Amino acid sequence: GWYIVTYALGIYHLNLFIAFLTPKIDPAMDFDEFKFWYSVTKSTIIGFTCTFFECFNIPVFWPILVMYFITLFCITMKRQIR
């Protein structure tokens, strides 16, 4: 179970990773290693805590989530590399 929690955590980590890789054009968008590490650690702890509550154990067909995440990851990385 807990596929929705894992999927949401993966999407959030992908979003943080993209923000970390984005060039610093605007000084207000500064996202250094510590902020990246802190955000990933905090979100992982929150995701782990969510697994203690049965209301987050939503039944889903997990292969669809895996394929959607892989597709989203590939499209995002392709756009980031260009």
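Per my numbering, residue 6 is the first one in the sequence shown, and the count goes up by one each step.
Cβ coordinates follow ideal geometry from the N, Cα and C atoms, glycine included.
Here the structure is a predicted model, which means the values were calculated and not measured.
| Asked | Found |
| --- | --- |
| For G15, the three-state DSSP class (helix, strand or coil) | helix |
| Rounded separation between I30 and A24 - CA only | 12 Å |
| C-beta atoms of I63 and I9 nearer than 9 Å | yes |
| C79 versus L19 - alpha carbon distance | 11 Å |
| Residues of its chain near Q85, where Cβ-Cβ distance is below 7 Å and the 5 sequence neighbours each way are ignored | I23 and L26 |
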